[in-house]
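Residue numbering for the sequence shown follows this note's numbering, beginning at 1 and increasing consecutively.
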Amino acid sequence: MMTGKDYIESLRALNPEIYFLGHKIKSIVDEPMFQPHIHAAAMTYELAHDPEHEEIMAATSHLTGEKINRFTHVHQSIDDLVKKVRAMRLLGQKTATCFQRCVGLDGLCAVYVTAYDIDQKYGTNYHERFNNYLREVQKHDWMPAGAMTDARGDRSLRPSKQVHPDVYLRIKERLEDGIIVRGAKTHITGAINSHEIITMPTRTMTEDDRDYALSFAIPVDTRGVTFVFSRQTNDTRRLDGTIDAGNPKYGIVGGEALIIFNDVFVPWERVFMAGEYDFTTQLVETFAGYHRSNYGGCKVGLADVVIGGSAWVAETHGIGRASHIVDKLTEMIAMAETCWSCTLACSYEGYRTPSGAYHINPLLANVVKLNITRMVYEWMRLAQDIAGGKIITLPSELDLANPEEGKMIEECFYGKEGIPPMDIIKMLRLVENMSVGAGLPEAMHGAGSPAAQKIMIARRGGFERKVDLAKQIAGLTKDTHFERIIGKDEETHWKEVRTKTKEKRVQIS
Ligand code: SF4
């Protein structure tokens with residue numbers, strides 16, 4: 001297993017083509033705009049070496065028996081699923097942002113499960129190929145970026161009916177030794193600081209979309225692959241110093257990027273789906289299930305930090321014990337723990353798939369994510385409420401650093417006696433970063449938008465079973481257990497009840 005430092009050094013050996021703000025980036029590791037994201041991902045490596053955390057951060061490979069980082073492990077039990085979300089809450093607490101590595105992990109697990117099932121139906125050897133790939137991932141402790149979302153063009157048209165054929169990633173050509181692919185994947189978390197990219201289809205495909213039913217893995221510096229790093233709220237504050245960025249160590253959200261595949265060659269041994277359109281729904285839903293279940297882990301870790309920050313700000317302004325503050329902080333905790341309970345439940349309710357890997361409960365995973373799309377906004381609203389207007393009106397650190405005005409500004413931000421104003425400013429900037437910035441829409445759209453979760457919840461919500469339950473209670477259908485309790489059939493029972501109540505009424509009148 002690599003340490004955090006090893007991981008950063010390992011990125012130096014790669015040479016991906018990356019653009020940002022109209023410029024080509026020479027060194028990922030030395031680019032100040034990327035560094036916080038790299039540090040956040042590095043935490044997933046570092047904590048696996050900490051004796052206090054290695055039980056949840058490391059695992060044993062079911063392929064080799066070696067000790068590996070949990071982020072390269074395909075879940076082999078309910079315990080693995082639970083440890084994964086515990087690791088995510090911990091990492092959220094340690095970074096207060098997206099540490100990115102879960103998307104690749106979920107991609108590995110989803111492809112593992114699906115490749116096995118494809119082989120069962122078609123006699124292909126995808127699972128064996130994938131296991132060979134997984135061994136490499138585990139051996140080198142690689143971080144693969146999970147790439148699912150295509151550009152998608154006109155959403156009312158299927159991939160094969162689009163005017164521009166490359167708005168969905170596709171097989172352009174099939175060769176003896178591999179395939180040539182074209183297209184793009186959008187807003188891919190942690191892409192520029194990953195070692196590999198693992199792709200998956202973004203939606204259900206039909207027979208006409210066969211060439212879009214595609215999954216493969218390639219190194220990030222494969223010829224023909226181009227990354228364009230996305231803009232984020234306040235991103236260039238990183239160039240102003242160490243305070244205004246709010247979380248200068250680990251950044252904000254996951255360093256997303258657009259990945260363009262321009263006639264990229266992929267050898268067959270790295271292809272795990274090539275045309276089996278009837279397995280696209282399974283792959284998409286398996287990945288989505290894994291990834292949506294995570295959000296009650298990582299986002300709750302972030303909630304722990306923002307609740308702490310809000311409490312500290314209130315305390316240092318002398319209102320820490322005011323009843324309205326205590327009430328708001330309590331609300332924040334209750335919402336965060338509700339999401340946590342949900343995520344634990346969907347891990348404990350997991351099940352073994354035919355491949356041997358464990359999957360979470362998909363209905364509960366979608367409920368986790370739907371809750372997150374609302375509750376993150378709600379607890380961040382309360383964080384803004386507690387922090388007050390300062391979080392959007394603070395002067396810049398460039399003003400604070402200017403000797404002509406800096407001292408005067410600092411004096412305006414005194415709170416309780418003995419607390420350095422600069423500490424108050426730093427904490428307010430952290431709360432601003434977490435509650436006002438890109439983290440909010442990330443909670444909304446990451447792992448799929450609310451409508452996607454509702455589709456899955458409606459599909460798996462079991463309406464028919466609920467209707468049957470209501471019918472039984474209302475007496476529209478037979479209730480065997482009730483009949484056993486009363487020792488007779490319902491019709492006789494209600495006849496007797498009606499007779500008795502009639503007699504009672506006569507007596508009363
Ligand atoms: Fe992981 Fe996704 Fe959470 Fe980022 S948002 S930490 S990738 S689960």
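Beta carbons: idealized from backbone N, C-alpha and C, even for Gly.
Taking the alpha helix (DSSP H) that K416 belongs to, which residues open and close that run? As a position in the sequence shown, residue 416 is number 416, starting the count at 1. Note, K416: premise wrong, no alpha helix (DSSP H); not H, not E.
CA-to-CA distance, N234 to V253, given in whole angstroms: Mapped onto the sequence shown, residue 253 falls at position 253. Mapped onto the sequence shown, residue 234 falls at position 234. V253 and N234 have their C-alpha atoms spaced approximately 12 Å apart.
From this set, I486, M434, T44, M148, which residue's C-alpha is nearest E285's C-alpha? Numbered from its first residue, the sequence shown carries residue 285 at position 285. Minimum Cα distance to E285 is reached at M148.
Three-state secondary structure assigned by DSSP to S347: Position 347 of the sequence shown holds residue 347. Here S347 sits in helix by DSSP.
Let me check understanding here. Comparing Cα to Cα, which of W268, I260, R210 lies closest to G275? For the purposes of this step, residue 275 is identified with residue 275 of the sequence shown, where counting begins at 1. Distance from the Cα of G275 is smallest, within the candidate group W268, I260, R210, for R210.
If you check the beta carbons only, do N247 and T97 fall under 8 Å apart? For this step, residue 247 is matched to residue 247 along the sequence shown. For this step, residue 97 is matched to residue 97 along the sequence shown. Against a cut-off of 8 Å, the Cβ pair of T97 and N247 comes out as a contact.
In this structure, does DSSP put A447 in helix, strand or coil? Within the sequence shown, the letter at position 447 stands for residue 447. In this structure, A447 counts as coil in the three-state DSSP scheme.
Since T393 sits in a beta bridge, which residues does DSSP pair it with? On the sequence shown, residue 393 is found 393 positions in, with the first residue counted as 1. BP columns for T393 are empty, so no partner.
Residues in its own chain within less than 6 Å of M2 by CB, not counting five upstream and five downstream? Position 2 of the sequence shown, counting from 1, holds the residue named residue 2. Result list for M2: Y45, D141, in chain order.
Less than 7 Å between the CB of A191 and some heavy atom of ligand 1, yes or no? To locate residue 191, count along the sequence shown from 1; it is residue 191. Because no heavy atom of ligand 1 lies under 7 Å away, the Cβ of A191 does not count as near it: no.
Three-state secondary structure (DSSP) at P403? Counting from 1 along the sequence shown, the entry for residue 403 is found at position 403. In this structure, P403 counts as coil in the three-state DSSP scheme.
Near P395, what residues of its chain come up, given a Cβ to Cβ distance below 7 Å and the 5 sequence neighbours on each side ignored? For this step, residue 395 is matched to residue 395 along the sequence shown. Excluding five sequence positions before and after P395, the CB atoms of its chain that fall closer than 7 Å to its own CB belong to I409, given in chain order.
Quick check on the burial criterion: 16 or more other C-beta atoms within 10 angstroms. Buried or exposed for I455? The residue you call residue 455 lines up with position 455 of the sequence shown. Exposed: under 16 other Cβ atoms inside 10 Å.
CB-CB length for L364 against C339, believed under 8 Å: Counting from 1 along the sequence shown, the entry for residue 364 is found at position 364. Counting from 1 along the sequence shown, the entry for residue 339 is found at position 339. No, L364 and C339 are not in contact; Cβ-Cβ is about 12 Å, not under 8 Å.
Just to confirm, is the Cβ distance from E256 to I188 under 8 Å? Residue numbering aside, residue 256 sits at position 256 when the sequence shown is read from its first letter. Residue numbering aside, residue 188 sits at position 188 when the sequence shown is read from its first letter. Result yes, Cβ atoms of E256 and I188 sit closer than 8 Å.
Rounded to whole angstroms, how far is the Cβ of A40 from the Cβ of Y250, which I believe are closer than 8 Å? In the sequence shown, counting from the first residue as 1, residue 40 sits at position 40. In the sequence shown, counting from the first residue as 1, residue 250 sits at position 250. Right, the Cβ-Cβ distance comes to about 4 Å (below 8 Å), so this counts as a contact.
Alpha-carbon to alpha-carbon, A443 and H324: Against the sequence shown, residue 324 aligns to sequence position 324. Against the sequence shown, residue 443 aligns to sequence position 443. Going from the Cα of H324 to the Cα of A443 covers about 26 Å.
On the three-state DSSP scale, how would you describe A438? Indexing the sequence shown from 1 puts residue 438 at position 438. The three-state reading of DSSP puts A438 in coil, since its state is none of H, G, I, E or B.
Return the first residue and the last residue of the alpha helix (DSSP H) that V305 is part of. As a position in the sequence shown, residue 305 is number 305, starting the count at 1. That run of the alpha helix (DSSP H) goes 280-316.
What is the DSSP secondary structure of G4, counted as helix, strand or coil? Position 4 of the sequence shown holds residue 4. DSSP places G4 in the helix class (H, G or I) of the three-state scheme.
Should P16 go down as buried or exposed, given a rule of 16 or more other Cβ atoms within 10 Å for buried? In the sequence shown, the residue the question calls residue 16 occupies position 16. The residue is buried, with at least 16 neighbouring Cβ atoms inside 10 Å.
Can you tell me whether A387 is buried or exposed? The criterion is at least 16 other CB atoms within 10 Å of its CB, across all chains shown. One-based indexing of the sequence shown puts residue 387 at position 387. Burial of A387 is indicated by the presence of at least 16 other C-beta atoms within 10 angstroms of its C-beta.
Let me check one thing: in DSSP terms, what residues is M57 bridge-paired to? Along the sequence shown, one-based indexing puts residue 57 at 57. None, per the DSSP bridge assignment.
Local Cβ density within 10 Å of C412, reported as buried at 16 or more and exposed below that: Here residue 412 corresponds to residue number 412 of the sequence shown, with the count starting at 1. C412 comes out exposed.
Within 10 angstroms of its Cβ, does A474 collect 16 or more other Cβ (buried), or is it exposed? Taking the first residue of the sequence shown as position 1, residue 474 is located at position 474. The residue in question, A474, is exposed, as its Cβ has fewer than 16 Cβ neighbours within 10 Å.
Which partner residues of G146 appear in the DSSP bridge assignment? Here the question's residue 146 lines up with position 146 in the sequence shown. Looking at the DSSP assignment, G146 forms a beta bridge with I198.
6 Å Cβ shell around D479 - same chain, five flanking residues per side excluded: Here residue 479 refers to the residue found at position 479 when the sequence shown is read from its first residue. Same-chain partners within the cutoff: Q472.
CA nearest to the CA of I28, picked from I118, I38, L302: Stepping through the sequence shown from its first residue, residue 28 is reached at position 28. The shortest Cα separation from I28 among I118, I38, L302 belongs to I38.
Is it true that the CB of I372 sits closer than 8 Å to the CB of G437? In the sequence shown, the residue the question calls residue 437 occupies position 437. In the sequence shown, the residue the question calls residue 372 occupies position 372. At least 8 Å separates the beta-carbon of G437 from that of I372.
My understanding is that R182 touches V167, with C-beta atoms under 8 Å, so please give their C-beta distance in whole angstroms. Indexing the sequence shown from 1 puts residue 182 at position 182. Indexing the sequence shown from 1 puts residue 167 at position 167. That pair is no contact at about 10 Å.
With a threshold of 16 other CB atoms inside 10 Å of the CB of E207, please say whether the residue is buried or exposed. As a working mapping, residue 207 is identified with position 207 in the sequence shown. Label assigned to E207: exposed.
Return the CA-CA distance between D512 and G439, expressed in angstroms with no decimal places. The question about residue 512 has no answer, for the chain in this structure spans 1 to 509.
Which residues does DSSP list as the beta-bridge partners of Y19? Counting from 1 along the sequence shown, the entry for residue 19 is found at position 19. Paired residue(s): K24, V228.
Straight-line gap, A48 to V74 (C-alpha atoms, nearest Å): Here residue 48 refers to the residue found at position 48 of the sequence shown. Here residue 74 refers to the residue found at position 74 of the sequence shown. For A48 and V74, the distance between alpha carbons rounds to 16 Å.
Report yes if the CB atom of L283 is closer than 8 Å to the CB atom of S230, and no otherwise. As a position in the sequence shown, residue 283 is number 283, starting the count at 1. As a position in the sequence shown, residue 230 is number 230, starting the count at 1. In this structure, S230 does not lie closer than 8 Å to L283 by Cβ.
H291 beta carbon near ligand 1 (any heavy atom closer than 7 Å): The residue labelled residue 291 in the question sits at position 291 within the sequence shown. Because some heavy atom of ligand 1 lies under 7 Å away, the Cβ of H291 counts as near it: yes.
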